[in-house]
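2 protein chains.
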Amino acid sequence: MIQHTVAFSLHHRSGSKEEQAFLSQARLLRSLPGVMDFKVLRQVSSKNSFAFGLSMMFSSQHSYDAYNTHPDHLRFVETIWLPQVAEFMEIDYVEELG
Amino acid sequence: MIQHTVAFSLHHRSGSKEEQAFLSQARLLRSLPGVMDFKVLRQVSSKNSFAFGLSMMFSSQHSYDAYNTHPDHLRFVETIWLPQVAEFMEIDYVEELG
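Listed in order, the protein sequences are those of chains X and S.
If you read the first sequence in this note's numbering, its first letter stands for residue 132, the second for the next number, and so on.
If you read the second sequence in this note's numbering, its first letter stands for residue 132, the second for the next number, and so on.
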């Protein structure tokens with residue numbers, strides 16, 4: 132299992148309609164093949180400047196790669212993510228060690 | 132529920148005894164009051180330079196604060212974490228939005 136996470140902030144004002152519209156679009160990613168346990172999260176640590184997070188699970192690297200290259204994902208990244216996201220960091224974890 | 136995560140890299144060589152010793156010490160944090168679902172994770176995204184992650188859940192901000200200020204946690208940070216960790220980022224998430 133691979134947990135794919137991305138912490139991010141938007142160009143939009145907090146609480147704005149544009150922010151909600153972005154999150155609604157992001158939620159559509161949950162229906163892509165291989166995506167499990169999809170979550171839209173609020174980031175609350177004061178030790179970084181990210182406002183939100185997405186988290187999802189993949190059963191294998193193959194599933195993760197298929198998601199990354201899926202046309203709906205590529206379209207989301209190009210037309211919604213890149214224009215509206217101010218900063219982001221992807222962090223992926225695999226299962227517990229030892 | 133609050134998910135507290137910290138992605139990090141060590142000064143130690145990958146696979147070294149020192150690395151394993153650090154992770155063993157980190158695992159002791161799971162027994163501190165309020166800590167739930169504690170995990171030591173390997174970070175696998177090529178889009179950042181962190182090698183590991185810790186993830187734990189707290190039922191409330193009060194529990195999280197109590198962990199942060201617990202003498203065993205403070206001692207861990209001072210005597211083990213700070214001398215051995217090369218870089219880290221804390222990211223905390225609360226439950227799913229909308």
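Just so you know, even glycine gets a beta-carbon here, dropped at the ideal spot from N, CA and C.
- The DSSP-derived three-state label of Lys148 of chain X is helix.
- Counting the other Cβ atoms within 10 Å of the Cβ of Asp223 of chain X gives 16 or more, which makes it buried.
- Interface annotation, Asn179 of chain S: in contact with chain X, CB-CB separation under 8 Å.
- Closer than 8 Å to the CB of Leu228 of chain X there is at least one CB belonging to chain S.
- Per DSSP, reduced to three states, the secondary structure at Val175 of chain S is coil, with no helix or strand assignment.
- Here the region 141 to 161 of chain X lies against the region 198 to 210 of chain X, with 3 or more beta-carbon pairs under 8 Å apart.
- At a cut-off of 8 Å between beta carbons, Gly165 of chain S makes no contact with chain X.
- The beta carbon of Phe219 of chain X lies closer than 7 Å to those of Val137, Ala138, Phe139 in the same chain, with the five residues before and after it left out.
- In the DSSP assignment, Ile133 of chain S forms a beta bridge with S:Phe189, S:Val225.
- With contacts defined by Cβ atoms closer than 8 Å, Glu227 of chain X and Lys148 of chain S do not form a contacting pair.
- Secondary structure of Val216 of chain X (DSSP, three-state): strand.
- Judged by their CB atoms, Leu172 of chain X and Phe183 of chain X are nearer to each other than the 8 Å cut-off.
- Closest by C-alpha distance to Thr210 of chain X, out of X:Phe153, X:Leu185, X:Gly146, X:Ser194, is X:Phe153.
- Within chain X, the C-beta atoms nearer than 7 Å to that of Asp223 of chain S come from Gln174, Val175, Ser176, in chain order.
- Per DSSP, the unbroken alpha helix (DSSP H) holding Phe207 of chain S starts and ends at 202 to 207.
- Listed along the chain, the chain X residues whose CB falls inside 9 Å of the CB of Ile133 of chain S are Val175.
- Contact residues of the region 184 to 217 of chain S toward chain X are Gly184, Ser186 (C-beta to C-beta distance below 8 Å).
- For Leu141 of chain X, the secondary structure class from DSSP, reduced to helix, strand or coil, is strand.
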